[in-house]
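Peer 1: Using numbering that gives the first Met the number 0, you'd call the opening residue of the sequence shown number 0 and step up by one each time.
After the structure tokens below, expect a handful of questions from me.
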Amino acid sequence: MRSLVLGFCLLTLVGCVATDKVEESASVTEAKPELTESKDKQIETVTESKPELIESKDEQIVEVTELKPEISETKVEQRIMMLGRWYGDTPTKEGGRKQWIIDRAENGTYTIDFLVTKANKTKQQFSEKGIWGVAGNIYFSIYQGATHQGEFHPSDPSDPYNYDAYHIINITSVSFEYQNIDSQNKYMVSKVPASFVLGKSEL
0 MRSLVLGFCL LTLVGCVATD KVEESASVTE AKPELTESKD KQIETVTESK PELIESKDEQ
60 IVEVTELKPE ISETKVEQRI MMLGRWYGDT PTKEGGRKQW IIDRAENGTY TIDFLVTKAN
120 KTKQQFSEKG IWGVAGNIYF SIYQGATHQG EFHPSDPSDP YNYDAYHIIN ITSVSFEYQN
180 IDSQNKYMVS KVPASFVLGK SEL
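Written out as structure tokens, the structure is:
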């Protein structure tokens, strides 16, 4: 009799434990759909925001013109003013004097004659050739070589040192002020007639 009662109690206890485990498992399963639903909402939010980014990129592309716009008459006149012969004269940081004449041609080429008087009064004279141009407020030059004692020495086009860009500070029909973007050196030149000779003519 005691064995039967003991067995009945054991069966009842096992049944209660099993019921608790089933209820616990059901509780874990019910919680997962909420996480999935939350993830779906997050994915939908990310997806909805992407078209706005693409539309923004399209707007930037639309702002780019198909062809290069025509330059203003002012810029055309500016280039014309830079043509011809110009003379520069400035002291050097070493205590000497640097004079030069630059001739800019309409075909985009230039020649410069330099006369450098050092602090000890010795003089050095040489010439350079290259290409010049102007875009916006930037004046640029490409050094192609130098002439020394009648012999031309071409430059290395792969050398970055041979390329210069200048910010145009002010230009008129008689004066031109500009500044080298890299060295920050400022230059002032004056328009002179074609008969002006370096080292012989003075302003």
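Glycine included, C-beta positions come from ideal geometry on N, C-alpha and C.
From the DSSP output, in three-state form, read off Val196 for me.
Peer 2: Stepping through the sequence shown from its first residue, residue 196 is reached at position 197. Looking at Val196 - three-state DSSP - the assignment turns out to be coil, as it is neither helix nor strand.
Peer 1: With contact counted as at least three CB pairs below 8 Å, one residue from each stretch, are the segment 77-84 and the segment 129-149 in contact?
Peer 2: Verdict: yes, contact present.
Peer 1: Looking at the strands, I want to know which residues DSSP matches up with Pro153.
Peer 2: The sequence position of residue 153 within the sequence shown is 154, counting from 1. In the DSSP output, where bridge partners are listed per residue, Pro153 has Gly144.
Peer 1: What beta strand (DSSP E) runs, 3 residues minimum, are completely inside the segment 88-139?
Peer 2: Counting only runs of 3 or more, we get 96-103, 108-116 and 122-134.
Peer 1: Please report the Cβ distance between Met187 and Ser174, rounded to the nearest whole angstrom; I am assuming they are in contact, meaning their Cβ atoms lie under 8 Å.
Peer 2: Looking up residue 187 in the sequence shown gives position 188. Looking up residue 174 in the sequence shown gives position 175. Confirmed, Cβ separation roughly 7 Å.
Peer 1: Could you name the residues that DSSP lists as bridge partners for Asp163?
Peer 2: Position 164 of the sequence shown, counted from the first residue, corresponds to residue 163. DSSP lists Ser140 as partners of Asp163.
Peer 1: Taking 8 Å as the cut-off, decide whether the C-beta atoms of Gln98 and Leu202 are in contact.
Peer 2: For the purposes of this step, residue 98 is taken as residue 99 along the sequence shown, with counting starting at 1. For the purposes of this step, residue 202 is taken as residue 203 along the sequence shown, with counting starting at 1. For Gln98 and Leu202, no; Cβs fall outside 8 Å.
Peer 1: Exposed or buried, which one is Glu22 when buried takes at least 16 other CB atoms within 10 Å?
Peer 2: As a working mapping, residue 22 is identified with position 23 in the sequence shown. Because Glu22 carries a pLDDT of 44, less than 50, the predicted location of this residue cannot be relied on, and no value is offered for it.
Peer 1: Pull up the distance between the alpha-carbon of Glu127 and that of Glu65, whole angstroms please.
Peer 2: For this step, residue 127 is matched to residue 128 along the sequence shown. For this step, residue 65 is matched to residue 66 along the sequence shown. Those two C-alpha atoms are separated by around 39 Å.
Peer 1: Of all the options Glu72, Phe151 and Glu93, which has the alpha carbon lying nearest to the alpha carbon of Phe125?
Peer 2: For the purposes of this step, residue 125 is taken as the residue at position 126 of the sequence shown. Ranking Glu72, Phe151 and Glu93 by Cα distance to Phe125 puts Phe151 first.
Peer 1: Output needed for Leu114: all residues of its chain with C-beta closer than 6 Å, excluding positions within five of it in sequence on either side, in chain order.
Peer 2: The residue given as residue 114 occupies position 115 in the sequence shown. The residues are Gln98, Gln124, Leu197 and Gly198.
Peer 1: Would you mind reading off the limits of the alpha helix (DSSP H) that contains Glu72?
Peer 2: Translated into the one-based positions of the sequence shown, residue 72 becomes position 73. From DSSP, the alpha helix (DSSP H) with Glu72 extends over Glu72 to Met81.
Peer 1: Pick out whichever of His147, Asp88, Val191 and Glu76 has its Cα sitting closest to the Cα of Ala134.
Peer 2: As a first step, residue 134 must be located in the sequence shown, where it is residue number 135. Ranking the options by Cα distance to Ala134, first place goes to Glu76.
Peer 1: For a test of the three-state rule: what should DSSP assign to Ser174, helix, strand or coil?
Peer 2: Taking the sequence shown and counting its residues from 1, one reaches residue 174 at position 175. Of the three classes helix, strand and coil, the one that applies to Ser174 here is strand, per DSSP.
Peer 1: Below 8 Å on the Cβ atoms is my guess for Ser157 versus Gln143; work out the distance and round it to an integer in Å.
Peer 2: Translated into the one-based positions of the sequence shown, residue 157 becomes position 158. Translated into the one-based positions of the sequence shown, residue 143 becomes position 144. 13 Å between Cβ atoms; not a contact.
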